[in-house]
Amino acid sequence: MNLTVNGATTYCYTGGKTYDPAKPTVVMIHGVLNDHSVWILQSRYLANHGWNVLAVDLPGHCRSGGEAPQTVEQAADFIAALLDAAGVARTALVGHSWGSLIALEAAARLKDRISHLVLVGTAYPMKVSQALLDASLNEPEKALKMINVFSRSTLAAPPSALGPGTWIYGASLALGRRVLTSNKTVNVFHRGFQACDRYANGEQAIAQISCPVLFLLGSQDQMTLPKAAQGLIVKARESGKQVQVLTLPVGHHQMTETPDETLFAIRDFLGR
Amino acid sequence: MGNPGLDVLDIPTVAQIAHEAGVPLLVDSTLTSPWLIKPLEHGADLVYHSATKFLSGHGTVIGGVVVDGGSFDWEGAKDAATGVGKFAELSAPYDGFHNMIFTEESTVGAFLLRARREGLRDFGACMSPHTAWLILQGIETLPLRMARHMGNTEKVVQFLASQPFVARVGHPLLESHPSHALARKLLPRGAGSVFSFDIKGNREQGKKFIETLKLFSHLANVGDCRSLVIHPASTTHFRMSDEALANAGISQGTIRLSIGLEDPDDLIEDLKRALKAAEKAA
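Residue numbers (my numbering), protein chains in the order written: chain A, 1 to 272; chain B, 273 to 554.
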């Protein structure tokens with residue numbers, strides 16, 4: 001489905017369903033150099049089990065036009081504008097990696113409009129090493145191969161999204177290349193990493209949300225180590241939020257490495 | 273590479289032409305296996321193999337592999353005149369699958385997604401576990417076998433090229449082969465072990481050559497660990513006239529070999545005896 005948000009075409013995967021105001025809505029936000037398709041199993045399942053799904057391509061990424069967000073705050077404003085454009089009064093937010101920071105910041109700003117917050121593969125602060133930042137700008141193919149390894153827990157992945165026979169390393173490399181070349185004017189790889197690295201409002205944001213939050217982490221995550229999420233988890237508990245923490249035996253790309261377990265965790269949390 | 277002429281496909285050039293025309297390049301890489309060339313790295317979008325050949329390596333299974341490199345934009349490929357998408361099978365709702373639009377489901381795996389899901393559901397094309405295991409076990413030794421295939425082939429090609437009763441040897445190792453220069457560029461590890469040569473004889477002499485061989489198995493398969501031989505004029509193409517054979521690029525004396533993993537001296541000895549017998553059969 002294409003929407004016009006801030007004057008630009010914005011693509012949202014809906015699982016092939018039309019928007020039904022009687023159903024609850026979930027917005028799914030991808031990370032750096034990804035697009036909506038990283039949620040393939042989870043988004044399609046939810047769309048066929050009682051939810052309106054908006055798995056968005058962020059501005060300047062793949063099917064969506066517009067200026068790629070330079071900061072997490074800009075991206076959070078975009079999410080608010082997306083909800084207005086889609087006519088969604090209240091929604092759950094699910095974000096992965098950079099998308100988790102965007103979901104967090106949007107939840108803090110939109111408060112009661114957000115019913116659930118799911119932070120997949122999150123960390124705060126989400127610092128990116130200078131070497132990786134530089135590589136993403138100057139040697140994106142090299143950086144892409146680096147993060148592809150960092151993001152996955154094993155060379156011999158079990159059957160994973162898209163299903164048996166899929167080589168998730170290869171599929172992820174292909175997706176990264178596609179997303180990078182989809183924007184002819186901006187290196188969305190470097191811009192996304194920069195936005196992660198510079199985001200400084202995480203602790204304030206988690207204190208401002210007014211919905212339950214699920215931290216869905218990977219015990220073997222080398223991009224956003226589980227311990228790097230602990231500060232945010234403590235802050236959420238200190239500020240009286242309903243907090244659930246689930247750690248899967250997986251790397252950073254939970255949605256493709258353990259698609260079923262990730263789906264079940266999100267499904268059960270949204271069902272609360 | 274073509275079978276058995278070993279004409280080498282200029283993948284980078286053909287890929288460019290294909291992409292300018294908005295179509296993907298699909299490469300049959302059976303005769304190279306990934307050890308000799310990885311077509312996706314040269315611009316191909318899809319690759320397939322008969323896994324019956326080098327991948328399994330022992331001629332014991334029937335199976336195949338389709339690889340989607342995730343590089344082709346099925347949605348963006350549109351007819352220049354009408355603006356209509358060229359691949360509606362992937363980029364438009366498919367009512368046979370709950371109106372799924374495969375390019376939306378997966379940005380880089382749309383082809384694979386439909387090929388696998390629909391193939392399994394509609395045709396039940398599911399490999400048996402034992403077949404899959406044999407192919408996987410074969411792949412474990414692929415680099416070792418391929419290196420030996422190439423080493424043996426080089427020795428056999430050199431031997432055949434030195435024989436007066438041999439009219440032509442069609443392997444890119446030789447400067448006389450039209451793909452010699454391209455093979456050196458794209459296939460530095462070797463240009464395959466399935467090739468043809470012509471003896472200076474008629475159909476009967478070709479038949480005698482085959483019948484005299486002891487180590488080579490008379491089989492139509494290729495890419496086996498055992499060396500294989502076939503004489504098209506008296507077997508696969510025996511119904512064709514001499515003229516029709518010539519039009520197909522096959523002479524009465526054309527022999528196709530698939531060089532296996534045996535001791536190369538034994539293979540050469542076998543060929544030497546058969547060449548003598550064929551020459552005497554004139």
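Each residue gets a CB set at the ideal place from its N, CA and C atoms; glycine is no exception.
- Separation of R461 of chain B and M273 of chain B (C-alpha to C-alpha, rounded to the nearest whole angstrom) is 14 angstroms.
- The C-beta separation of N6 of chain A from A81 of chain A comes to about 5 angstroms, placing the pair in contact by the 8 angstroms criterion.
- Beta bridge pairing from DSSP links N34 of chain A with no other residue.
- K350 of chain B has B:G357 as its beta-bridge partners, per DSSP.
- In the DSSP assignment, Q242 of chain A falls outside any alpha helix (DSSP H), carrying neither H nor E.
- For C62 of chain A, the nearest CB of chain B lies under 8 angstroms from its own CB, placing it at the interface with that chain.
- At least 8 angstroms separates the beta-carbon of Q435 of chain B from that of L278 of chain B.
- Pairing P249 of chain A with F189 of chain A gives a Cβ-Cβ distance that is not under 8 angstroms.
- The DSSP assignment places complete alpha helix (DSSP H) segments of no fewer than 4 residues inside the stretch 191-255 of chain A at 202-208, 230-238, in order along the chain.
- Among the residues facing chain B, Y19 of chain A is not included, as its CB has no counterpart in that chain under 8 angstroms away.
- Looking from the CA of L432 of chain B, the closest CA among B:G410, B:H490, B:D537, B:L458 belongs to B:D537.
- Between G202 of chain A and W98 of chain A the beta-carbon gap is near 12 angstroms, outside 8 angstroms, which marks them as no contact.
- With a threshold of 16 other beta carbon atoms within 10 Å, A520 of chain B falls short and is exposed.
- Interface with chain B (8 angstroms Cβ-Cβ cutoff): A171 of chain A is included.
- Taking 7 angstroms as the upper bound on Cβ-Cβ separation, chain B lies near no residue of the stretch 127-153 of chain A.
- Across the stretch 380-404 of chain B, CB contacts with chain A closer than 9 angstroms involve V380, G381, L384, L385, R388, R389, in sequence order along the chain.
- Ranked by Cα distance from H509 of chain B, the options B:E412, B:E534, B:V356, B:S523 are led by B:S523.
- Counted as a single uninterrupted DSSP element, the alpha helix (DSSP H) harbouring N138 of chain A occupies residues 130-138.
- Going by DSSP, S451 of chain B is part of no alpha helix (DSSP H) at all; its letter is neither H nor E.
- Of the residues A:A75, A:S239, A:K142, A:N148, the one whose Cα lies closest to the Cα of R191 of chain A is A:A75.
- Remark: C-beta atoms of L263 of chain A and Y45 of chain A approach each other more closely than 8 angstroms.
- Within the stretch 23-42 of chain A, the residues whose Cβ lies closer than 7 angstroms to some Cβ of chain B are D35, S37, I40, listed in chain order.
- Following the DSSP letters along the chain, one finds G396 of chain B in no alpha helix (DSSP H), marked with neither H nor E.
- Counting other Cβ atoms within 10 Å of its Cβ, F395 of chain B stays below 16 and is therefore classed as exposed.
- In this structure, C211 of chain A sits near L117 of chain A, with a CB-CB distance shorter than 8 angstroms.
- For A92 of chain A, the uninterrupted beta strand (DSSP E) segment begins and ends at 91-96.
- H370 of chain B sits in coil when the DSSP states are folded into three classes, being neither helix nor strand.
- Counting every other CB atom within 10 Å of its CB across the protein chains shown gives V72 of chain A a total of 16 or more, marking it as buried.
- Among the residues of chain B, none has a CB under 8 angstroms from the CB of L263 of chain A; the nearest is roughly 15 angstroms distant.
- Taking 8 angstroms as the CB threshold, H370 of chain B lines the interface with chain A.
- What G341 of chain B touches in chain A, judged by beta-carbon distance under 9 angstroms, is G170, A174, going in chain order.
- Taking V295 of chain B as reference, the option from B:S499, B:D351, B:T526, B:F481 with the minimal CA-CA separation is B:D351.
- For the pair P69 of chain A and H321 of chain B, the Cα-to-Cα distance works out to about 43 angstroms.
- Taken atom to atom, the span from the alpha-carbon of R198 of chain A to that of K127 of chain A is near 8 angstroms.
- The Cβ atoms of L459 of chain B and H452 of chain B do not sit closer than 8 angstroms to each other.
- Taking A439 of chain B as the centre and dropping the five residues before and after it, the same chain places the C-beta of D470, K472 closer than 6 angstroms to its C-beta, in chain order.
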